[in-house]
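Residue numbers (mature numbering (1 follows the signal peptide of the UniProt record, and there is no 0)): -17 to -1, 1 to 337. In this text, a Cβ means the ideal position worked out from N, Cα and C, and glycines have one as well.
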Amino acid sequence: MRSIGFAGAGFACAVLARQLVTRGAYRATVFESRDHIAGNCHTSRDNGIMVHRYGPHIFNTSREEVWDYVRDLSPMMPFTNRVKAVTARGVFSLPINLLTINQFFGKRFSPEDARAFVATLGDTSIGEPQNFEEQALKFLGRDLYRNFFYGYTRKQWGVEPTELPASILRRLPVRFNYDDNYYNHTFQGIPRDGYTSIVEKLLDHPRIEVRLGEPFARDLQSEFDHVFYSGPLDGYFEHRHGRLQYRSLVFERFDESGDYQGNPVINYCEEQVPYTRITEHKHFAPWEDHAGTICFREYSKATEPGDTPYYPMRLQEDKEQTVAVPRACRTDTRTDLHRSAGDVSIPGHARRDR
Ligand SMILES: Cc1cc2nc3c(=O)[nH]c(=O)nc-3n(C[C@H](O)[C@H](O)[C@H](O)COP(=O)(O)OP(=O)(O)OC[C@H]3O[C@@H](n4cnc5c(N)ncnc54)[C@H](O)[C@@H]3O)c2cc1C
C-alpha cells in the first residue's frame, strides 16, 4: 500500500485524499496547521447562524460533474450572489449592469443605448492598456472607474491601480442587461449544512488519518511515496526563492439584531471607508430564520509574519520570482503543488469566476 501525505485539510487535499483511497491501494495522512478542517471554506455555527469564518464562500461551477460530486455529499441550497456597492454617489448594483448604468447616470437606456453610451465614455487615447487603471479608463471612462474601482482597488491591493496588471480586470466588466448575478457560472449554491460537513464526509474514511494542528514540513516528505501540498507556494520552498507578496484579510465581527444591511454582501468603494465590504452571514442561508445577526467588516492588508496569505498579488516582481519555482519543481518529483501563484482575483470586482 502506498502512503500519501497531504499538506492542508481544505477542499483540494480532501477531495484528492478521498479519491485516492477509494480508487486505489493508498493510505492518506492529512496534515493541517489549523485546529480545524475545510481550509478557507470552513463554516461553523455561532448562535445558530452559519458563519463562514474566512470570508463568505458561494459554491459556483459550470462543470456538471463537479456540481454532481458536491451534491452527492450535501444538499445544495439555491443561492444567487447579488452584491451591492456603496459609492460616493449612492448605492448601486454590482457587477455594473444596466440598472447600475441607468441609475448612476439618471437614464432609461435600453441595452443597445447603454452599450453605445458606455462606448463613448472610454479613453480613446489609450491603445493597448498597460495596467489595471488604463484597462478601466479605456473601457469605462473616468466616472465609473473613480466611483466603482479606484478606491476599492487601492484598499484591496494596497497599491495604485497603475501598478496592477491590466489582466486583473475583464476586458469589459459591464453587463448590458439587468442580470445582477455576481457569477457567470451555470451552477451556484450553498451547502445546507455548511462546507465543513462536506469536508468531514470526504475525510471520513478508515484509510485517511487527519492530524490537526500539525504543519507539514519538508523533512516529512521522505516518509511518504508522494505528497500533495496546498499551502502557499513560496512557503513550500521555505522562501528560498524569495517571498511572494500576498494580501491578508482582517475580519471585524459585530453582532446586531434583525436585519442589519438587507443583503449578504455590500462592498464599500470609497477609499476613506477603511473596510472593503460588510458581510451578513445569515443571509447566505436565506432558508433559515434567525432573530440575531452576525456581520463582519472586512479589511485588506499586507501579509506580515503570522498572517494568513489570502490573495497573491502577482505584481511584476512576484512573477519574476515564480519563474524560479518551475525549475525547483523539476528537482522535486515527489510533491505536487496545488496552488498557483498566478491565481488572482479582486473580490468584488474583477474576475467573477470564483
Ligand atoms: C475571502 C475569500 C472568499 C472566497 N470566496 C469564494 C467563493 O465565494 N467561491 C469559491 O469558489 N471560492 C472562494 N474562495 C476561494 C476558496 O477559498 C479556495 O478556492 C478554496 O478554499 C481552496 O481550497 P484549498 O484546499 O486549495 O485551500 P485552502 O482552503 O486554503 O486550504 C489549505 C489548507 O492548508 C493548510 N496549510 C497550508 N500550509 C500547510 C502546511 N505546511 N501544513 C499543513 N497545513 C497547511 C491551511 O491552514 C489551510 O487550511 C474565496 C477565498 C477567500 C480568501
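- F132: not part of any alpha helix (DSSP H); DSSP gives it neither H nor E.
- The DSSP-derived three-state label of D272 is coil.
- Apart from the 5 residues on each side of it in sequence, F207 sits with its Cβ closer than 8 angstroms to the Cβ of S(-15), I(-14), G(-13), T12, R317 in its chain, given in chain order.
- For D29, the enclosing beta strand (DSSP E) has its first and last residue at 26 to 29.
- Beta bridge pairing from DSSP links D238 with I277.
- Leaving aside the five residues that flank E253 on each side, the residues in its chain whose CB is nearer than 7 angstroms to its CB run, in chain order, T70, A71, G134.
- Annotation: F279 to N23 spans about 15 angstroms, alpha carbon to alpha carbon.
- Shortest Cα-Cα distance from G225 to any of E300, N30, H25, P39 involves E300.
- About 10 angstroms separates the beta carbons of Y166 and R65, which is beyond the 8 angstroms limit, so they are not a contact pair.
- Spanning the alpha carbons of A(-9) and P58 requires a straight line of approximately 21 angstroms.
- Its chain contains E146, Q228 as the residues whose beta carbon lies nearer than 7 angstroms to that of L298, once the 5 sequence neighbours on both sides are disregarded; these appear in chain order.
- Within the chosen limit of 8 angstroms, ligand 1 reaches the beta carbon of H40 through at least one heavy atom.
- Under the 8 angstroms Cβ criterion, the region 119 to 134 counts as touching the region 251 to 270, having at least three qualifying pairs.
- If only complete runs of 3 or more residues are kept, the region 69 to 93 shows the beta strand (DSSP E) at 73 to 77, in order along the chain.
- Short of 6 angstroms from the beta carbon of R98, and not among the five residues preceding or following it, lie these beta carbons of its own chain, in chain order: F159.
- A contact between stretches requires three or more CB pairs, one per stretch, nearer than 8 angstroms, and the region 184 to 195 fails this requirement with the region 83 to 91.
- Per DSSP, reduced to three states, the secondary structure at S231 is strand.
- Closer than 8 angstroms to some heavy atom of ligand 1: that does not describe the Cβ of R226.
- The criterion of a C-beta distance shorter than 9 angstroms is satisfied by V53 and I181.
- By the Cβ rule, the region 199 to 213 does not count as touching the region 229 to 244, because fewer than three pairs are nearer than 8 angstroms.
- Within the same chain, and ignoring the five residues on either side of F62 in sequence, the residues whose Cβ sits closer than 6 angstroms to its Cβ are G172, I173.
- Residue state for L195 is assigned as strand, using DSSP reduced to three classes.
- H264 has its alpha-carbon roughly 14 angstroms from the corresponding atom of N250.
- Per DSSP, V49 lies in no beta strand (DSSP E); the unbroken alpha helix (DSSP H) holding it starts and ends at 47 to 56.
- Measuring C-alpha to C-alpha distances from P144 to each of D55, P112, T44 identifies P112 as the nearest.
- The straight-line gap separating the alpha-carbon atoms of T276 and E239 is approximately 5 angstroms.
- For L77, the closest alpha carbon among the candidates Q118, T103, H19, V157 is that of V157.
- The straight-line gap separating the alpha-carbon atoms of G141 and M296 is approximately 10 angstroms.
- Secondary structure note for I181: its alpha helix (DSSP H) is the uninterrupted segment 178 to 186.
- By the CB criterion at 9 angstroms, T291 and S231 fall inside the cutoff.
- In this structure, DSSP gives T12 an extended state, which the three-state scheme calls strand.
- Per DSSP, the beta-bridge partners of F170 are T44.
- Pairing F237 with E47 gives a Cβ-Cβ distance that is not under 9 angstroms.
- Pairing L195 with H25 gives a Cβ-Cβ distance that is not under 9 angstroms.
- In this structure, the CA atom of S283 is about 15 angstroms from the CA atom of P39.
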